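Visitor:
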Amino acid sequence: MQKSQYDIEIEKILNRPLSLDYQAQATSLKDKTILLTGGAGNLGQTMCQELCDLGVKQLIVVDCDFLGAAKLRKYEQVKYFQYDICQQSQLADVFQKYQPQIVIHGAAQLEAPVVELLKTNVFGTYLLAQLAVLYGAEKFVLLSSKKAIAPKEMYPLSKSLSESVINLIGQEQRQLKWEILRLPKLLETKSTTLSLYENADFQGRKQWILHPAVKKEVVTLREATITCLNSLEKESSTTVRCLEARFIFDRLLLHQGQAPQRKLTYTDLGMLWWTMENRPTDLERVVKELLKGDKE
């Protein structure tokens with residue numbers, strides 16, 4: 618597909634060096650079988666690409682997306698299974714057949730009824746961790762959320778509980794290396810402010826969507842992927858370095874030859890709400906207070 622004039626090479630704009638010893642990783646992973654849940658999502662597809670480029674022996678992808686097989690068809694090492702992670706018997710068959718040495722658990726429900734959130738994100742994590750122990754995996758990596766630190770909504774709470782599950786199992790099963798990776802917002806996903814900025818600003822409808830006092834932490838899909846790959850070589854837990862969205866948008870404006878703006882207009886508040894995934898959040902309330910102060 619030919620790139621348009623509006624396409625952004627976000628990695629170059631951010632200018633944040635990514636550190637990954639490809640030769641060492643390739644040597645380490647060439648004889649490994651890795652099981653990745655949630656591999657059909659944005660982050661999962663990026664991980665599949667990196668792992669296959671590194672020459673992993675076999676990559677077992679489990680995802681409930683019925684289009685997942687088509688998305689990952691180009692990777693020869695990938696074996697795709699359209700399973701729910703709560704389907705214990707089917708997952709057990711996968712573990713028994715392929716004996717994965719590394720499990721990367723990224724599958725999760727973000728927006729669902731409470732029972733479904735807890736079932737998938739907490740009970741599903743428990744089942745997967747138990748199977749990893751039962752079938753002799755060497756490493757288990759849980760992809761969690763930065764919001765799990767002090768959860769105020771059901772999704773972050775479910776991720777916090779899933780972390781507790783891993784911590785409890787890890788205390789008893791020390792022969793397996795456990796890793797919890799907390800991620801902030803992923804920059805390339807469709808719900809982030811960057812995609813809205815591209816649609817509005819680069820098509821001539823210039824609007825601004827963030828007040829300078831509002832902070833939002835994000836990482837790119839590639840940064841999250843490389844951090845996860847680096848964690849495979851470490852014994853202790855790791856974290857992702859975060860970046861304020863304010864800085865990102867300033868860099869984007871400078872990249873386009875414009876001066877960064879510093880004011881949120883009243884007409885842009887609707888766009889901010891859209892950015893926040895159409896539901897009330899603490900960030901919206903902060904912005905309302907900021908607007909109230911500006912008006913006074």
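For the sequence shown, my numbering assigns the number 618 to the initial residue and increments by one for each residue that follows.
Glycine included, each C-beta is placed from N, C-alpha and C at the ideal position.
Quick caveat, the model's predicted, so the values are computed rather than measured.
Grab the span of the beta strand (DSSP E) containing Q705 for me, first residue to last.
Guide: Premise fails: Q705 lies in the alpha helix (DSSP H), Q705 to Y715, not in any beta strand (DSSP E).
Visitor: Roughly how many whole angstroms lie between the Cα atoms of C845 and L734?
Guide: Cα to Cα, the separation comes out at about 24 Å.
Visitor: If you reduce the DSSP assignment to three classes, tell me which class T837 lands in.
Guide: Of the three classes helix, strand and coil, the one that applies to T837 here is coil, per DSSP.
Visitor: Do the stretch 674 to 686 and the stretch 782 to 791 touch if we need at least three Cβ pairs shorter than 8 Å?
Guide: As far as the Cβ criterion goes, the stretch 674 to 686 does not touch the stretch 782 to 791, which means the pair count is below three.
Visitor: How long is the line joining the alpha carbons of P717 and G723, rounded to whole angstroms?
Guide: If you take the alpha carbons of P717 and G723, they lie about 16 Å apart.
Visitor: Spatial neighbours of I651 within its chain, please: CB distance less than 8 Å, with the 5 preceding and 5 following residues excluded, ordered by chain position.
Guide: So the qualifying residues of the chain are L668, V673, Q675, L676, I677, P717, Q718, I719, V720 and I721.
Visitor: In angstroms, rounded to a whole number, what distance separates the CA positions of E850 and Y639?
Guide: Roughly 12 Å between the two C-alpha positions.
Visitor: Mapping the DSSP letters down to three states, classify F796 as helix, strand or coil.
Guide: With the sequence shown as reference, residue 796 is identified as Glu, and Phe is not the correct amino acid for it. DSSP places E796 in strand when its eight states are reduced to three.
Visitor: Determine the direct distance from the alpha carbon of E693 to that of C703, and round the result to whole angstroms.
Guide: Spanning the two alpha carbons is a distance of roughly 27 Å.
Visitor: Keeping to the same chain, check which residues put their C-beta closer than 6 Å to that of W795; ignore five residues upstream and five downstream.
Guide: Around W795: F757, I783 and G787.
Visitor: Distance, Cα to Cα, L798 vs L759?
Guide: So the alpha carbons of these two residues sit roughly 6 Å apart.
Visitor: In the DSSP assignment, find the unbroken beta strand (DSSP E) run with L759 in it and report its ends.
Guide: From DSSP, the beta strand (DSSP E) with L759 extends over K756 to S762.
Visitor: Near S777, what residues of its chain come up, given a Cβ to Cβ distance below 7 Å and the 5 sequence neighbours on each side ignored?
Guide: For S777, where only same-chain residues beyond five positions count, the Cβ hits under 7 Å are A765 and P768.
Visitor: Tell me which same chain residues have a C-beta within less than 8 Å of the C-beta of Y715, skipping the five on either side of it?
Guide: Only T650, L652, Q675, I677 and K696 meet the Cβ criterion.
Visitor: Quick one: give me the first and last residue of the alpha helix (DSSP H) that V732 is part of.
Guide: Residues V731 to L735.
Visitor: My assumption, with CB atoms under 8 Å, is that L671 sits in contact with Q642. Please give the rounded CB distance.
Guide: About 5 Å separates the two Cβ atoms, so the contact holds.
Visitor: Are the beta-carbon atoms of T654 and R839 separated by less than 9 Å?
Guide: Going by C-beta atoms, T654 is not nearer than 9 Å to R839.
Visitor: Who are the Cβ neighbours of L886 in its own chain at under 6 Å, not counting the five residues just before and after it?
Guide: In this predicted model, L886 has a pLDDT of only 41, less than 50, meaning its place in the structure is not dependable; the value taken from the coordinates is given anyway. Closer than 6 Å at Cβ, skipping near neighbours: no residue.
Visitor: Are the beta-carbon atoms of N738 and Q726 separated by less than 9 Å?
Guide: Yes, Cβ-Cβ distance for N738 and Q726 is below 9 Å.
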